[in-house]
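Chemist: Attaching a single structure in structure tokens format; questions to follow.
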């Protein structure tokens, strides 16, 4: 989902006429004038970054020979590729510290990205009844303040369960009353996601200025019956 700040920037920069909008490019700004709105997400095996380039209060395009690359700290760099108004890259790694680098010749503007601590998500290992609360647990972060999202989805549910917690609580129970089940549901597998979040600090000038958003995500499948 596009952030409210980014949505506002796109709306404000849209032209009034019907001609195709051609955004400015990075070549029209010095590296110090370019902001990067970054979102980092990892599941412990794959890390993905989404980045939006901002110049003079509007989104801008990366132009050659400028380069935008992603790497775990000290590792090989992978170029980001365009995806609508953003740029994306992913690498297979369990690392928690990364670098997003905007390069122009010998100039390198580095944005350091750090994920929340990794964790282990656990739930029932055998089929459980939906008539009773279904517990899930995960490791609480030993340091730092992190928001937590819990999502439960299944083919037998009319809509998913989505819960937000302002802190890392380490446990949650899926309550029978929260299940919007299709009539006549027998066995059904629930997919549970828990996301530990560091929210983004918004947009600012300069690659190192914004606070990047970062997420650690884990998921499990729980088999259920009536």
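Numbering (mature numbering (1 follows the signal peptide of the UniProt record, and there is no 0)), first residue to last: -18 to -1, 1 to 208.
Idealized CB from N, CA, C, for every residue including glycine.
Roughly how many angstroms separate the alpha carbons of residue 196 and residue 163, rounded to a whole number?
Modeler: Position 214 of the chain shown, counted from the start, is the residue given in the question as residue 196. Position 181 of the chain shown, counted from the start, is the residue given in the question as residue 163. Taking the straight line from one Cα to the other gives about 33 Å.
Chemist: Return the first residue and the last residue of the beta strand (DSSP E) that residue 201 is part of.
Modeler: Taking the first residue of the chain shown as position 1, residue 201 is located at position 219. Run containing residue 201: 195 to 207, per the beta strand (DSSP E) assignment.
Chemist: Taking the Cβ atom as the reference point for each residue, do residue 79 and residue 30 lie within a distance shorter than 8 Å?
Modeler: The residue you call residue 79 lines up with position 97 of the chain shown. The residue you call residue 30 lines up with position 48 of the chain shown. Not closer than 8 Å, so no.
Chemist: How big is the Cα-Cα spacing for residue 38 and residue 16?
Modeler: What you label residue 38 is simply residue 56 of the chain shown in a count that begins at 1. What you label residue 16 is simply residue 34 of the chain shown in a count that begins at 1. If you take the alpha carbons of residue 38 and residue 16, they lie about 8 Å apart.
Chemist: Output the distance between the C-alpha atoms of residue 153 and residue 119, rounded to the nearest integer angstrom.
Modeler: Indexing the chain shown from 1 puts residue 153 at position 171. Indexing the chain shown from 1 puts residue 119 at position 137. Answer to the nearest angstrom: the Cα atoms are 4 Å apart.
Chemist: Assign residue 141 to one of two classes, buried (16 or more other C-beta atoms within 10 Å of its C-beta) or exposed (fewer than that).
Modeler: Stepping through the chain shown from its first residue, residue 141 is reached at position 159. Its Cβ having fewer than 16 others within 10 Å, residue 141 is exposed.
Chemist: Tell me residue 171's beta-bridge partners as DSSP assigns them.
Modeler: Reading the chain shown from its first residue, position 189 is the one you call residue 171. Residue 171 pairs with 205.
Chemist: With distances taken Cα to Cα, identify the nearest neighbour of residue 200 among 47, 102, 68, 112.
Modeler: Position 218 of the chain shown, counting from 1, holds the residue named residue 200. The shortest C-alpha separation from residue 200 is found at 102.
Chemist: Skipping 5 residues on each side, what residues in its chain have a beta carbon closer than 8 Å to that of residue 26?
Modeler: In the chain shown, residue 26 corresponds to position 44, counting from 1. Result list for residue 26: 76, 100, 198, 200, in chain order.
Chemist: If I measure Cβ to Cβ from residue 148 and keep anything under 7 Å in the same chain, skipping five residues before and after, which residues do I get?
Modeler: Position 166 of the chain shown, counting from 1, holds the residue named residue 148. Cβ neighbours of residue 148 beyond the five flanking positions: 129.
Chemist: Hey, residue 13 and residue 89 are a contact pair by Cβ (cut 8 Å); roughly how many whole angstroms apart?
Modeler: For this step, residue 13 is matched to residue 31 along the chain shown. For this step, residue 89 is matched to residue 107 along the chain shown. Residue 13 to residue 89, Cβ: 6 Å. Contact.
Chemist: Rank 18, 81, 63 by C-alpha distance to the C-alpha of residue 95 and give the top, closest one.
Modeler: Taking the chain shown and counting its residues from 1, the one referred to as residue 95 is at position 113. When only C-alpha atoms are compared, the closest one is 81.
Chemist: Just how far apart, CA to CA, sit residue 59 and residue 8?
Modeler: If you number the chain shown from 1, residue 59 lands on position 77. If you number the chain shown from 1, residue 8 lands on position 26. Approximately 20 Å between the Cα atoms of the pair.
Chemist: Below 8 Å CB to CB, which residues in the same chain sit around residue 1 once its five sequence neighbours on both sides are set aside?
Modeler: To locate residue 1, count along the chain shown from 1; it is residue 19. There are no such residues.
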